[in-house]
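Asker: So for the sequence shown, this note's numbering puts the first residue at 98; every next one is plus one.
Here you go, one structure.
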Amino acid sequence: MSNVASFDEFETDLEIDAHSRGLPRIILEGATDVWLFRDIWFTNYLAKFEFVSASRLADGDGCTAVPAAVQKSWEEEIPAFGILDRDVYFRRKVWDALYEPEEIRFRTFEADGNLFVSELWEIEAHLILPELLTPWVIGCSRDPIRFGHLAGDALQRALAQCDILFEAAPYLAAMHSDGKAATGSFGELPLEEVRQICANRLLGLSAEANEQAQLVANFVVHVRASAPAEPAARLRYYLKFIDTKRLLDRLRNALRLTTNHNNHQMLAGFMRQGATEPEELKRHLAHLIERVGSA
């Protein structure tokens with residue numbers, strides 16, 4: 098099979114140029130990841146790497162396709178390195194990795210030197226910077242006059258939503274253990290109602306699922322006990338363990354944000370304006386440059 102892709106598969110001349118030069122590939126979970134890496138965060142790396150969605154090289158998408166895409170690229174004699182979101186350990190039900198708070202121990206769960214697992218739950222978590230919450234609310238408020246006061250309270254409200262999603266984490270793990278998808282983010286329900294709903298729903302799941310729920314509940318207690326006291330640092334820490342899509346859904350309600358704005362684009366735009374790059378991912382790309390250069 099030819100390893101030469103049709104030009105129709107590329108979105109920009111830069112991608113065509115990168116592929117024609119055989120640049121090392123950074124394999125990412127999906128199109129949003131590629132957009133963030135290529136157009137927002139790491140434009141200065143386009144001469145060194147080709148950022149590629151896993152679906153371009155392997156069947157499927159998301160974290161399950163990244164390892165296969167990395168292997169396929171090496172078979173095509175193009176070096177490739179995959180970046181996965183932390184929630185890969187949720188999908189694999191590796192709870193001790195998912196809820197490991199110490200970075201050094203967290204890294205020991207990576208078995209493949211060509212795959213890197215981000216400390217944060219999902220790619221979107223890198224957009225939720227504490228310092229961006231206030232301008233986000235100001236720019237996306239449904240009614241700036243009525244809800245303007247929420248801008249100054251955004252960080253505390255974000256932490257409150259994290260507390261609610263921590264409460265739901267054992268139930269979500271139990272559903273996954275039973276092979277069931279848990280949809281929704283409990284709307285605007287408060288903590289006590291979410292707690293009661295989860296407890297009731299656990300009664301309808303298998304004994305094994307309930308055992309998994311208790312295991313995750315124990316991990317959550319440990320994680321929360323290890324959280325920093327300072328609010329901004331605590332939010333950054335929580336973003337390792339909180340389902341980010343559910344958090345964004347709840348934040349849209351809690352902060353009374355309009356649904357007319359694309360929140361990914363808004364938050365990404367703020368990062369681009371401030372030339373802010375995710376430090377963890379920046380360090381990893383710098384390491385890969387050294388690795389490729391010494392190969």
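Beta carbons: idealized from backbone N, C-alpha and C, even for Gly.
Bear in mind the structure is a predicted one, so any value in this text is a computation, not a measurement.
What are the boundary residues of the beta strand (DSSP E) that L300 is part of?
Answerer: Premise fails: L300 is in no beta strand (DSSP E) and is neither H nor E.
Asker: Would you call the CB atoms of L354 and R239 closer than 8 Å?
Answerer: Going by C-beta atoms, L354 is nearer than 8 Å to R239.
Asker: Among all the DSSP beta bridges, which residues are the ones paired with A177?
Answerer: A177 pairs with R122.
Asker: To the nearest angstrom, how far is it from the Cα of F244 to the Cα of R347?
Answerer: Cα to Cα, the separation comes out at about 16 Å.
Asker: Measuring CB to CB, does P267 end up less than 8 Å from A324?
Answerer: It is not a contact, given that the beta carbons lie outside the stated cut-off.
Asker: Would you tell me roughly how many angstroms separate the C-alpha atoms of S215 and G390, rounded to the nearest one?
Answerer: Rounded to whole angstroms, S215 to G390 spans 23 Å at the Cα level.
Asker: May I ask which residues mark the beginning and end of the beta strand (DSSP E) holding S170?
Answerer: Not the beta strand (DSSP E): S170 falls in the alpha helix (DSSP H), residues 163–172.
Asker: What is the DSSP secondary structure of F263, counted as helix, strand or coil?
Answerer: Here F263 sits in helix by DSSP.
Asker: Tell me where the alpha helix (DSSP H) around E200 begins and ends.
Answerer: 200–204 is the span of the alpha helix (DSSP H), which, as asked, contains E200.
Asker: Where L247 and S282 are concerned, what is the direct C-alpha to C-alpha distance, given to the nearest angstrom?
Answerer: If you take the alpha carbons of L247 and S282, they lie about 21 Å apart.
Asker: Taking just the CA atoms, how far does S170 sit from M98?
Answerer: Low per-residue confidence applies at M98: pLDDT is 36, beneath 50, and the placement is therefore not dependable, though the value from the model is reported in the following sentence. Those two C-alpha atoms are separated by around 13 Å.
Asker: I need the boundaries of the alpha helix (DSSP H) containing L230, first residue and last residue.
Answerer: Looking at the DSSP string, the run of the alpha helix (DSSP H) that includes L230 is 230–237.
Asker: Residues bridged to F316 by DSSP?
Answerer: Beta-bridge pairing links F316 to no other residue.
Asker: Where does E207 sit, in a helix, a strand or coil, going by DSSP?
Answerer: Looking at E207 - three-state DSSP - the assignment turns out to be coil, as it is neither helix nor strand.
Asker: Using the three-state DSSP reduction, which class does E290 fall into: helix, strand or coil?
Answerer: Reduced to three states, the DSSP call for E290 is helix.
Asker: Taking the Cβ atom as the reference point for each residue, do F139 and L120 lie within a distance shorter than 8 Å?
Answerer: In this structure, L120 does not lie closer than 8 Å to F139 by Cβ.
Asker: What does the alpha-carbon distance come out to for the pair I235 and L364?
Answerer: Each residue's Cα considered, the two are about 12 Å apart.
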